[in-house]
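Scroll down for the structure; my scribbles are underneath it.
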Amino acid sequence: MSRLLVTGGAGFIGSNFVHYVLANTDHSVTVLDKLTYAGNLASLDGLPADRFRFVQGDIADAVLVDELAAEHDAIVHYAAESHNDNSLHDPRPFLDTNIIGTYTLLEAARKHGVRLHHISTDEVYGDLELDDPARFTEETPYNPSSPYSSTKAGSDLLVRAWVRSFGVQATISNCSNNYGPYQHVEKFIPRQITNVLRGDRPKLYGTGENVRDWIHANDHSSAVLAILERGAIGETYLIGADGEKNNKDVVELILTELGRPADAYDLVTDRPGHDLRYAIDSTKLRTELGWTPAYADFAAGLADTIAWYRDNEAWWAPQKDAAEARYQEQGR
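For the sequence shown, the numbering used here gives the first residue as 211, with consecutive numbering after it.
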């Protein structure tokens, strides 16, 4: 699998995967990205020209996808509409990309006998109660709560059906919330970091008790590579790093790391249908494929991430005003 086609590779976790693969393997990578507002070519700066190329295009473009699939050994499918707030405002793009786009890739993989790995989210499982000791496993029933998570659930089911019905060589991973470099400033952690860096107060939905299971993007990348190279066809693997933190604690860690009072944030109107808690049990991934996270200490990984945003204002500043304007329109 030396030639990888990475969809959505100019986005956050896709670009981190591209950097990780090119730094740690001999694979070559082609990125296919539509370059919506969430894609950023600057996230792919500095990559080796002899092993990397970029193609701008839509994963729902069947002709283009067919041509690219024929040239590659494997497809790693990151491309997705992925922001819950945006899905509540306009669900249609989530159907076009997450459902039709995934179908288009599956058909190309089927035609050309190409290995496919599909990146999904733990949000397809719905949420857990704050005091529930359980975690999501590969057997947890799907219970999505937003247009985003429901379209991701639908795309997962398409992959499973194409494996069973047509013998497509595919695997799925459902990952917890990612943090790290190159994440759009509309997302929770970079929004709070960049607010503080600009002298603004962080914004916290509701009372900040919602819990997410955080994983550094590099750890997600290493897990995906392990699944791509050693995972069993037709299997689903959950990716998590035991990083459960509530949003209030995360904001306070950011403020403290940046030398501000821990309570220097504002509470804003909660998001409709805001899931309470996500938590991943990654036992299958760890025991069957021998994967372990490098960033086991969330506070250390967060400090590294804060340092990256501090040092790369030129990357995130052009996005910031537009992102905050959208939040102001929503009262958040």
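By construction, the Cβ of each residue, glycine as well, lies at the ideal position given by its N, Cα and C atoms.
For my contact list, residue i and residue j are in at a C-beta cut-off of 8 angstroms; report their separation, rounded to the angstrom.
i: Arg422; j: Lys455; result: 7 angstroms
i: Pro391; j: Asn226; result: 7 angstroms
i: Ala380; j: Trp372; result: 7 angstroms
i: Ala178; j: Glu462; result: Limits of the chain in this structure are 211 at one end and 542 at the other, which puts residue 178 out of reach.
i: Leu340; j: Glu419; result: 6 angstroms
i: Ile464; j: Pro412; result: 7 angstroms
Are the CB atoms of residue j and residue i within a distance shorter than 7 angstroms?
i: Arg320; j: Ala284; result: no
i: Pro354; j: Ser297; result: no
i: His287; j: Leu315; result: yes
i: Ile382; j: Thr446; result: yes
i: Leu215; j: Thr240; result: yes
i: Ile223; j: Ala427; result: yes
i: Leu438; j: Ser492; result: no
i: Ala289; j: Thr217; result: yes
i: Val369; j: His327; result: no
i: Phe304; j: Glu317; result: no
i: Ile310; j: Ala270; result: yes
i: Ile425; j: Gly444; result: no
i: Gln266; j: Leu232; result: no
Suppose you measure from the CA of residue i to the CA of residue j; what does that come to, to the nearest Å?
i: Asn308; j: Leu477; result: 32 angstroms
i: Asp342; j: Arg213; result: 43 angstroms
i: Arg487; j: Leu338; result: 5 angstroms
i: Asp485; j: Asp260; result: 44 angstroms
i: Val460; j: Val406; result: 13 angstroms
i: Gly416; j: Tyr475; result: 12 angstroms
i: Val395; j: Ala535; result: 12 angstroms
i: Asp268; j: Asn388; result: 24 angstroms
i: Pro503; j: Asp429; result: 5 angstroms
i: Ser359; j: Gly469; result: 36 angstroms
i: Gly219; j: Leu274; result: 16 angstroms
i: Ala252; j: Leu495; result: 32 angstroms
i: Val334; j: Arg374; result: 20 angstroms
i: Glu498; j: Val228; result: 24 angstroms
i: His322; j: Asp276; result: 8 angstroms
i: Tyr537; j: Asp410; result: 14 angstroms
i: Gly500; j: Phe376; result: 29 angstroms
i: Val378; j: Tyr313; result: 12 angstroms
i: Ser238; j: Gly221; result: 18 angstroms
i: Pro482; j: Gln393; result: 23 angstroms
i: Gly336; j: Asn457; result: 18 angstroms
i: Thr171; j: Ala524; result: Residue 171 lies beyond the range of the chain shown here (211 to 542); nothing can be said about it.
i: Asp480; j: Asn384; result: 25 angstroms
i: Asn522; j: Leu414; result: 24 angstroms
i: Tyr230; j: Gly441; result: 18 angstroms
i: Asp300; j: Arg263; result: 32 angstroms
i: Arg520; j: Lys530; result: 14 angstroms
i: Asp236; j: Asp306; result: 33 angstroms
i: Thr361; j: Trp518; result: 32 angstroms
i: Ala532; j: Pro351; result: 37 angstroms
i: Gln540; j: Ser386; result: 25 angstroms
i: Trp526; j: Arg302; result: 27 angstroms
i: His282; j: Ala272; result: 16 angstroms
i: Asp255; j: Ser365; result: 30 angstroms
i: Asn250; j: Tyr505; result: 25 angstroms
i: Arg408; j: Ala509; result: 22 angstroms
Does the ligand FMN have a heavy atom nearer than 6 angstroms to the CB of residue i?
i: Trp525; result: Summarising the ligand content, the structure contains no ligands, and the ligand FMN is consequently not present.
Q) Just checking, does the stretch 402-416 make contact with the stretch 340-352 on the three C-beta pairs under 8 angstroms criterion? A) no
Q | Residue ranges of each alpha helix (DSSP H) within the stretch 412-442, 4 or longer | A | 427-440
Q.
Assess contact between the stretch 503-515 and the stretch 434-441, defined as three or more Cβ pairs (one per stretch) separated by less than 8 angstroms. Is contact present?
A. no
Q: Starting from the N-terminal side, write out each stretch of the alpha helix (DSSP H) that is 4 residues or longer and does not extend beyond the stretch 218-266.
A: 222-234
Q: Only counting runs of 4 or more residues, tell me where the alpha helix (DSSP H) segments fall wholly within the stretch 260-315, in order along the chain.
A: 272-279 and 294-299
Q.
Please give the ranges of any alpha helix (DSSP H) in the stretch 319-404, keeping only runs that are unbroken, at least 4 residues long and fully inside the region.
A. 357-376
Q: Could I get the ranges of all uninterrupted beta strand (DSSP E) runs contained in the stretch 458-514, with 3 residues as the minimum, in chain order?
A: 476-478
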